[in-house]
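Note sheet for the following structure.
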Amino acid sequence: IRSGAIDIVIIDSVAALTPKSEIEGEMGDSKMGLHARLMSQALRKLTGSISKTKCTVIFINQLREKIGVMFGNPETTTGGNALKFYASVRLDIRRSTQIKDTESNATGNKTRVKVVKNKVAPPFKQAEFDIMYGEGISKVGEIIDLGVDFEIIKKAGSWFSYDDTKLGQGRDAVKTLLLDNPELMDELEKKIKDAIATISK
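Residue numbers for the sequence shown, in this note's numbering: 115 to 315.
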């Protein structure tokens with residue numbers, strides 16, 4: 115990071131970071147708060163370098179449950195509170211439903227993201243998108259969802275239509291149609307980008 119030669123660093127995951135003393139110690143040794151203490155120390159040292167070099171650091175973390183919490187949210191993230199404090203943006207990413215093909219094989223997940231902290235823009239916004247196995251975030255799924263949001267694609271019940279032409283019944287059928295017709299997908303994408311540009315102005 116200090117060299118300035120790297121633009122992005124991804125740490126996957128914070129929960130898997132293991133202190134050296136824990137590796138060298140015996141099984142069952144108590145290391146209470148060591149992980150959190152090291153994270154706090156590391157972030158204090160790195161913050162200045164990250165700011166100077168404009169490097170983006172992405173920390174992937176895992177949820178744990180606090181012991182003995184009867185009221186309120188029992189969920190917390192590993193590594194103490196330092197990362198929560200130093201982070202510019204924090205995203206809570208959760209799987210909502212599984213996506214299956216016609217033969218009931220899992221092909222991806224519908225994913226919900228909530229911005230729980232944002233120092234550079236308004237927080238607490240939410241988004242939903244498809245993450246497909248072997249593909250990542252589904253571009254065609256986004257085109258359908260945004261097309262409906264901007265009323266470029268009309269939705270009546272389970273039917274989708276565009277310019278008075280029926281695209282298909284059900285979201286999966288429309289996804290298949292657009293994948294088979296890249297020219298139509300490009301046309302819809304251009305209209306969506308134009309609509310977004312109009313809002314930005």
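Here a beta-carbon is modelled for each residue, glycine too, at the ideal position from N, C-alpha and C.
Counting C-beta pairs closer than 8 Å gives three or more between the region 220–237 and the region 195–212, which meets the contact rule.
7 Å or more divides the Cβ of ASN175 from the Cβ of THR190. Runs of the alpha helix (DSSP H) lying entirely within the region 278–306, each at least 4 residues long, are 285–294 in chain order.
Taking 7 Å as the cut-off, the beta carbon of SER163 is found no closer than this to the beta carbon of ILE125. When beta bridges are read from the DSSP output, GLN240 appears opposite LYS228. Apart from the 5 residues on each side of it in sequence, LYS145 sits with its Cβ closer than 8 Å to the Cβ of PRO133, SER135, GLU136, GLY139 in its chain, given in chain order. With a beta-carbon spacing of about 5 Å, VAL254 and LYS289 fall inside the 8 Å limit used to define contacts. Here DSSP, grouped into helix, strand and coil, assigns VAL234 to coil. Unbroken alpha helix (DSSP H) runs of no fewer than 4 residues, entirely contained in the region 119–195, are found at 134–138, 148–167, following chain order.
Annotation: ILE266 is outside any alpha helix (DSSP H) and is labelled neither H nor E by DSSP. For SER210, the enclosing beta strand (DSSP E) has its first and last residue at 203–214. Here the C-alpha atom of LYS198 lies approximately 44 Å from the C-alpha atom of GLU297. For TYR276, the enclosing beta strand (DSSP E) starts and ends at 273–276. Sorting GLY193, GLU179, GLY194 by C-alpha distance to the C-alpha of ASN187 places GLU179 at the top.
Around the beta-carbon of ILE267, 16 or more other beta-carbon atoms lie within 10 Å, marking it buried. Excluding the 5 residues flanking it on each side, ALA129 has same chain C-beta neighbours closer than 7 Å at ASN175, GLN176, THR192, in chain order.
Distances from the alpha-carbon of TYR276 to those of LEU302, PHE173, GLY284 put LEU302 closest.
Beta bridge pairing from DSSP links ALA220 with LYS214. Its chain contains LEU281, GLY282 as the residues whose beta carbon lies nearer than 6 Å to that of LEU291, once the 5 sequence neighbours on both sides are disregarded; these appear in chain order.
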